[in-house]
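K.L.:
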């Protein structure tokens, strides 16, 4: 039978979020109901609230989540009731042209649950909700496509490993999967929020020996060093490009990860890499942002200019591996958890996030 649970919605553009009763249907074919244990508060959820993603209000917010599968629908074989899972928004189809080429991390036909959760009482009762990134996990139980559930070691802390569902995976994957950071490489990361610090941590795991953290807020440098940064650059008071070159023997970094999404920082990243170096854009720009570069520089410097979407990850491959690294003490996921909060605290968590006071506030249910 359908269940009624509490969840957090954004009813209209710019309005404060609300905790409301929500109806969760029984899982249909290919679907699963997951009892959510934790969900990180990500910038993407704020973008949804502000109408920066789409205008399909009301939204059921939350997507960086971990929990336990409660029930599954017909035909589901990936997971079973009782499995501890991390939710992902890249449930690959296995049939599109990317999957057929053996590159499922680029899947062009990812899928979500077919049924919609709805408002259960009060204003707008019966209204269908649009789940953030096809997940909607600021809720006690959520309905997703079974392919969005990745089974991992149940001994791991849900609040920590759930962050692999978005920001941490995006940053780690930007360095390791997209950037191809390897042993002995030099790496610069511009922007030391959650995604940037995950890129720093990924570079350390991959064996980079010089890791330069760049930000305009010096408060962030201690945390960046904790994740593996060997040097820091205060972008508010130093020439970023020249300083990165100084720290890399005068050449520039082998890989530069831009985790801000602004034209000026992208340009810095472009010129701060070595000849034949790689620039990875993982910061999400707004639609109005544009960058202009001299074509002779694009040609003459060589290398690669890449974009990283979700860290070019394959959840079934990457989530279990990263959870294992976490349990071995080689990847500090706990360091990303700034505070543990309740469903009622999300609006304040947005404010803390905008002020740069936290890496991640994590809702614990």
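Residue numbers (the working numbering): 64 to 428.
Cβ atoms here follow ideal geometry from the backbone N, Cα and C, with glycine treated the same way.
In this text the structure is predicted, and so the values were computed from the model without any measurement.
(1) What are the partner residues of residue 214, as DSSP defines its beta bridges?
(2) Buried or exposed: residue 253, going by 16 or more other Cβ atoms within 10 Å of its Cβ?
(3) Roughly how far, in whole angstroms, is the beta-carbon of residue 261 from the beta-carbon of residue 235, given that I think they are within contact range, below 8 Å?
(4) In whole angstroms, what separates the C-alpha of residue 336 from that of residue 428?
(5) Based on Cα-Cα distance, which residue from 118, 125, 108, 421 lies nearest to residue 99?
(6) What are the start and end residues of each continuous alpha helix (DSSP H) run of 4 or more residues lying completely inside the stretch 220-246, in chain order?
(7) Let me know if residue 28 comes out buried or exposed under the rule of 16 or more other beta-carbons within 10 Å of its beta-carbon.
(8) Which residue comes first and which comes last in the alpha helix (DSSP H) that contains residue 112?
(9) Counting only the same chain and skipping the five closest in sequence on each side, list residues whose C-beta sits under 8 Å from that of residue 218.
(10) Which residues in the same chain have their Cβ closer than 6 Å to the Cβ of residue 344, if we skip the five residues on either side of it in sequence?
(11) Between which residues of its own chain and residue 352 is the CB-CB distance below 6 Å, once the five residues before and five after are set aside?
(12) Output the distance between the C-alpha atoms of residue 340 and residue 222, rounded to the nearest integer angstrom.
(13) Pop quiz: residue 187 and residue 121 are said to be a contact at Cβ under 8 Å. What is the actual Cβ separation, rounded to whole angstroms?
(14) Just how far apart, CA to CA, sit residue 249 and residue 412?
(15) List the DSSP bridge partners of residue 294.
P.N.:
Let me spell this out:
(1) Taking the first residue of the chain shown as position 1, residue 214 is located at position 151. Per the DSSP secondary-structure output, residue 214 pairs in a beta bridge with 148.
(2) Counting from 1 along the chain shown, the entry for residue 253 is found at position 190. By the 10 Å Cβ count, residue 253 comes out buried.
(3) Locating residue 261 in the chain shown gives position 198, counting from the first residue. Locating residue 235 in the chain shown gives position 172, counting from the first residue. Yes, residue 261 and residue 235 are in contact; Cβ-Cβ is about 5 Å, under 8 Å.
(4) As a position in the chain shown, residue 336 is number 273, starting the count at 1. As a position in the chain shown, residue 428 is number 365, starting the count at 1. In a straight line, the C-alpha of residue 336 is about 43 Å away from that of residue 428.
(5) What you label residue 99 is simply residue 36 of the chain shown in a count that begins at 1. Checking every option, the nearest Cα to that of residue 99 belongs to 125.
(6) Within the stretch 220-246, complete alpha helix (DSSP H) segments of at least 4 residues are found at 221-224, 230-236, given in chain order.
(7) Nothing about residue 28 can be read from this structure; the chain reaches only from 64 to 428.
(8) Position 49 of the chain shown holds residue 112. That run of the alpha helix (DSSP H) goes 106-112.
(9) Within the chain shown, residue 218 is the residue found at index 155, counting from 1. Counting only residues of its own chain and dropping the five nearest sequence neighbours on each side, residue 218 has a CB closer than 8 Å to the CB of 390.
(10) Reading the chain shown from its first residue, position 281 is the one you call residue 344. Around residue 344: 321, 370.
(11) As a first step, residue 352 must be located in the chain shown, where it is residue number 289. Taken in chain order, the residues that qualify are 326.
(12) Here residue 340 refers to the residue found at position 277 when the chain shown is read from its first residue. Here residue 222 refers to the residue found at position 159 when the chain shown is read from its first residue. Taking the straight line from one Cα to the other gives about 36 Å.
(13) Working through the chain shown from its first residue, we reach residue 187 at position 124. Working through the chain shown from its first residue, we reach residue 121 at position 58. At roughly 7 Å, the Cβ-Cβ gap stays under 8 Å, so residue 187 and residue 121 are in contact.
(14) In the chain shown, counting from the first residue as 1, residue 249 sits at position 186. In the chain shown, counting from the first residue as 1, residue 412 sits at position 349. For residue 249 and residue 412, the gap between their C-alpha atoms comes out near 34 Å.
(15) Counting from 1 along the chain shown, the entry for residue 294 is found at position 231. Looking at the DSSP output, residue 294 sits in a beta bridge with 275.
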